[in-house]
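Chains as they are written, first to last, in the numbering used here: chain Z, 13 to 428; chain G, 8 to 748. Only one structure is covered here, and it is reproduced in the block below.
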Amino acid sequence: MSENIISSDLLVVGAGIAGITAAVEAAETGASVILVEKNPYIGGKVAQFNKYFPKMCPPACGLEINTRRLRTNPSIKLYTMAEVTSVKKTDEKINIILKLKPRYVNNRCTNCGDCVKVCPQFRKNDFNYSMNETTSIYLPYENAYPAQYVIDKETCLGETCSECVDICKYQAIDLNEKEKIISLETKAVIWAVGWDPYDAKNLDLLGYGQYPDVITNVMMERLASVDGPTKGEIIRPSTGEKVNSIAFVQCAGSRDENHLNYCSSVCCMASLKQTKYIREQNPDAVIHVYYIDVRSNGLLEDFYNSVQDDEKIHFHRGKVAKVIQDQSSKKLIVEAENSLTGTLKQNAVELVVLATGMKPATADIRIDKSSFDENGFLKINGTIGCGVITKPKDVAATVREATGSVLKVIQNIGRN
Amino acid sequence: MSSENKVGVYLCSGCGLNESINFDELTKVAAEENKVPVCKVNQWLCNEENIKVMKDEIKAESLNRVVIGACSQRFLSDVFNFGEDVFVDRVNLRENVAWTHKPNDEDTQMLANDYLRMGIAKVNNCEIPEPFQKDINETILVVGGGITGITSALAAAKSGSSVVLIEKSDRLGGWLNSIYKTEPFHYPYTEPEIPEKEKLISELKSNDNIKIYTSCTINKITGEPGNFNVTLSNPANESIIVGSIIQATGSLPYNADKLGVLGYGKFDKVMTGVQFEEYFINGKELLNGGPVKSVAFIQCAGSRDKMHLPYCSSTCCANSLKQALYVREKYPDALVYIIYKDIRTPAHLEHFYKRVQDEDNIFFTKGDVINVESTDDDLISIDIDNTLLGDKIQIRSDIVVLATGTVPSTLVGKPESGEQDDESDGKTLDGKKAAQSAETGAKILNLSYRQGTDLPTLKYGYPDSHYICFPYETRRTGIYAAGSVRYPMDFETCKEDAYGAALKAVQVIYNAKKGKAVHPRSGDESYPDFFLQRCTQCKRCTEECPFGTLDEDEKGTPLPNLTRCRRCGICLGACPERIISFKDYSIQMISSMIKAVDIPDEFEEKPRILAFLCENDAYPSLDLAGRYRLQYDPNIRVIPVRCLGSVNVVWIADALSRGFDGVIMIGCKYGDDYQCHFIKGSELASKRMENVQEKLKQLVLEPERVKLITLSIDEYKQIPEIFNSFVEEIVEMGFNPYKGM
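Printed below as a string of structure tokens:
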């Protein structure tokens, strides 16, 4: 049996920017690495972002370099659509069981795209937070790595249809592919499972799910992206028209005892960045930002200053109490309270962006629950994690922590 | 063409390529025109069985050069890999030809033919890189004995490295010596923590892998990663050899003498947060033991202030919250006021903020301090404007604490209009001037590099790097900044940062031993070769290398330090004598590709445009244009380059004298928010455009025939417009008069 077990020095769980960084930094220091990712593509949230603050540069740029480092390094083995289902530690090694979900498209796929032309079924595009659809056989996004299609079995008609199987010249599609279980053996694990946006449906007074023109900050990233559902045009979902007035609701679910009692760290900068998306597309748009504290720590202050220089961006201190719709104008009324004066302020806007926070994606993680605090963050202990699993943080801090986590691994397992 | 080269051409007609391109013609280009001994077409080149057949054939025919005419080089690089002895080039017939041009069109076919010619020329003018071999020292030097330095030294030593740590003062610990407690970094993140200074220092001292020098600075560093020769000040002129360096020289408080407007220096009861902390470390009584009824903290004292430090110092909010608790503990009846702009306690520190808010007698006031005075009853009055209530208010307090910010130690010794900036005691700093200049004038590392003594910095004196995606990659290979010298950060972040820098310090040595490049061309075994007999000492290469790879002898001849090199080829682009080359990237290689293009005579009315695309961003962007099947003019011939900065003017001259009608260069954005992975490449390319214009003048050609465009990777939709409009401009200008000459 043991010869069938795949072994490595290091297992990295999660191939977002944290996991990718940890994997390439480790491999470039001589470690053999298995990198596992639950999505059919790598890049995680970063792949869905339009720009990074404060440089306003595309994440695809750094991701391109990292993907090149990853795909050209023979010391890294990548599994996508993979989930760690068991972690068993012995004195010398760690035994891992990995569940590989069927992709239904193998690595013979050449990306020719013929299958999409014949697929009669559609699915909601989760990459774009369901703001549009793709065919049931799809590429997660155009620049996805691995550049390999995948089938959504929920909506696929299966063998009764088989159009894609018939048209594929490269025998790349197997509608009967089964889930696989594989065993791995490793000396160390880095957990980099990332985060989920806080579910805005929990914020019932803020109108998400009730009014189509209330969206979240992560949706805004996709709306602004050139490969997003609107090809980069920021529009009012209810009308499809360009946006002339917009409100950003900060701490939507963060710093709130009823939701997330911590600060999600990045939402201030994310909204400041998004004001620039709006401004670039509409020089006249009026923008309101409702905040408790603007947290543009460190040198990011320069960016905040540059946003404050924009005369059509108004900052209001106060937590938004509710968002309702004006029946006649169909505009959204944002009502905020000044906590000191107790006065209510109202503004009518066409689009509301909820700056929802980050929740660590650790609910299903297979390690001892005592390693986590009640919010799901990894406490400082022997378990090595990086990225939002330890605390909410931005990309720069994630990369820093991911790089450092590799040294911790080398301390434990030695060098090759 | 080397006679030892034996070339095989393998063409893929799948993915719809056969519906667009005539493969018989392509085969003729390879087999007849270029006399390639092996040329095969397969309708599914990448399938496992065929790859096996190819591998066998390559071996049987002893091919050492293979041209794959199929999809982009960004796909299947592992599949089309035939071992170390076979040089492979990818001719992108899919994204660059079939998917982006009219099928079965004469112009499309000409494009495919030319790309194949260029690929064959390329492999015939390349050699397979062999890594250099050098003796590599594996010791890591840590500069600075504060929290970051100690942590990184221990981190590296525990991972098996030998470490030398130097500290300029006579005492280890840095800021740890000036701290009673830190803000909470451990669950549940609510109570200040006693830092483990003694434990860390004793661990450091007892680690056999670590050698410590105190009262020690660096007189000089020569050499390169794997072989830095470091001359120390104490013991005088002792020199040590190390492999890599971590700069953990920390930060200093902003000079409060500049804060007279907040009462500092005027009133004894106005002190800095650092001074306030001292009372608690030493158990000294505030106000000489008199009653303390109130303490007011003024946040952002000298930070977030255009007159002082425009940036946020990041740590002062949590620091004052912590000190507010000191007051509550020692003087239970005292009132505490915290006057702030925004309370910045990100992530888990929010729990701490909440806990301090829940404490009795601590009052938070948002507003701007406009005046600080002493009162008749010997209190300090603070006038505050822009409060949330909209009114001006006044707070009176026994003691005022200024939460001063942080300035990187790179600014020590920075000359300020003729005078030394560290006028006082070397313990505080004025970062205001630094806001205007990236030149710090620091002399910490004392590198005897041609390009200066220390790490190049961004504005405010923080070391330059791709600080979002690749924060450790400074512009001096093998030297990594960490901790508060790199960015304003708290103790816990400094510790994390120390680990990251330690990993990079270990990694650079690992790769130097193997003769491999580090980021971003990780693993590249090629390196620049200098044919110095023909060097004219123009110094362009030594000036332009963004990583300070090249030193100079007294005449100005470059002295390469190969382990400093990042293989961008910017030196190759700079050299007017064309004496710099890589085995797999050279003047000759690209020139041969340019010459391989078939230039139709002017009567055919087919312009030819040469395009140099940065392979890091512009080329992937072109690939994406292909994936979206965006159509563009078929008269463009694209050559991917390592960096736009590696484009030598001679290639442009070659192209124009060969009859190309125009040349376009597309690279990364430059400027303050540069995206160039080699920091300066695209900027240098744009500066060299002056030389290009000079060249055009000599050739009596219009300056508009050569154009430079910057493009982000996500701007692929602009590519057709960029290409098409350039071709239109050129056509309007008329054909290159050198055509056919």
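Where is the CB? At the ideal position from N, CA and C, for every residue including glycine. All figures in this text were calculated on a predicted structure; none of them were measured in a lab.
Closest to residue i by CA distance: which of the options is it?
i	options	result
G:K724	Z:V48, Z:K89 and Z:G244	Z:G244
G:S653	G:G580, G:I659 and G:T146	G:G580
G:C46	G:G23, G:C19 and G:D668	G:C19
G:L70	G:G76, G:A77 and G:K62	G:K62
G:A625	Z:K420, Z:N144, Z:A159 and Z:I77	Z:I77
G:T464	G:V130, G:Q458 and G:S472	G:S472
G:S719	G:E697, G:V98 and G:H684	G:H684
Z:T147	Z:S195, Z:R135 and Z:A408	Z:R135
G:F359	G:D375, G:S327, G:S381 and G:L706	G:S327
Z:S174	Z:C124, Z:T395, Z:V128 and Z:K285	Z:V128
G:D390	G:K399, G:D349 and G:A512	G:K399
G:I594	G:Y261, G:D560, G:A128 and G:E64	G:A128
G:R403	G:F304, G:I486 and G:V492	G:F304
Does residue i come out as helix, strand or coil in the three-state DSSP assignment?
i	result
G:W658	helix
G:K440	Note that G:K440 scores a pLDDT of 49, beneath 50, so its modelled location is shaky; the value from the coordinates is reported in the next line. Helix, per DSSP.
G:F274	coil
G:Q254	strand
Z:E437	Lying before the first or after the last residue shown, residue 437 of chain Z is absent from chain Z, which here runs from 13 to 428.
G:E423	For G:E423, the pLDDT reaches just 43, beneath the cut-off of 50, and the residue's location in the model is therefore unreliable, leaving the point undetermined.
G:T238	strand
Z:P152	coil
G:H473	strand
G:S209	helix
G:T464	strand
Z:N214	helix
G:F730	helix
Z:S257	strand
Ignore the nearest five residues each way along the sequence and tell me which others in residue i's own chain have a CB closer than 6 Å to its CB.
i	result
G:T229	N236 and S455
Z:K50	E95
Z:A212	Y220, T228, L366 and T368
G:A519	I143, P232, G233 and T570
Z:V418	A34, E37 and A38
G:I673	L620, A625, I716 and L718
Z:T167	Q133, R135 and S148
Can you give me the Cβ contacts of residue i inside the same chain, cut-off strictly under 8 Å, excluding the 5 residues immediately before and after it?
i	result
G:L294	K276, D405 and I406
Z:N387	L272, N273, Y274, K371 and P372
G:E245	T238 and L239
Identify, in the order they occur along the chain, each residue of the same chain with its Cβ nearer than 7 Å to the Cβ of residue i, setting aside the five sequence neighbours on each side.
i	result
Z:V361	S257, I258, A259, H300, K343, L344 and V346
G:I726	S628, L629, A632, L637 and Y639
G:I121	Note that residue 121 of chain G is Asp in the sequence shown, not Ile. Correct list, in chain order: V604, D605 and R644.
Z:N155	A72
G:N111	S27
Z:I377	W203 and V205
Kindly list, in the order they appear in chain Z, the residues whose Cβ is closer than 7 Å to that of residue i.
i	result
G:S533	The contacting residues do not exist; G:S533 stays about 14 Å from chain Z at best.
G:D721	P70, A72 and V238
What does residue i reach in chain G if we use C-beta pairs closer than 7 Å?
i	result
Z:I77	P527, N623 and H684
Z:S308	C319
Z:P209	Residues of chain G passing the Cβ test: none, with the nearest at roughly 16 Å.
Z:R120	N54
Z:S318	What Z:S318 touches in chain G: nothing, since even the nearest Cβ is about 11 Å away.
Residue i versus chain Z: which residues are under 8 Å apart at the beta carbon?
i	result
G:G152	Near G:G152 there are no residues of chain Z at all, since even the closest Cβ is about 19 Å away, more than 8 Å.
For a contact meaning CB atoms closer than 9 Å, what does residue i contact in chain G?
i	result
Z:P372	Under the 9 Å cutoff, chain G gives no residues; its nearest Cβ is about 11 Å from Z:P372.
Would you check whether the ligand ADP has a heavy atom nearer than 7 Å to the C-beta of residue i?
i	result
G:C683	Absence of the ligand ADP from the depicted structure is noted, as is the absence of any ligand whatsoever, leaving it without description.
In chain G, which residues lie less than 8 Å from residue i when you measure between Cβ atoms?
i	result
Z:I422	S166, G167, L510 and V513
The region 16-25 of chain Z touching the region 180-193 of chain Z, judged by at least three CB pairs closer than 8 Å | no
Spell out a yes or no on whether the region 488-503 of chain G and the region 144-157 of chain G are touching, meaning 3 or more CB-CB pairs, one atom from each, closer than 8 Å.
-> yes
Is it true that the region 398-405 of chain Z meets the region 352-370 of chain G, where meeting means three or more beta-carbon pairs spaced less than 8 Å apart?
-> Cβ pair count under 8 Å is three or more, so yes.
Check whether the region 607-623 of chain G touches the region 661-676 of chain G, counting contact only when three or more Cβ pairs, one atom from each stretch, lie closer than 8 Å.
-> yes
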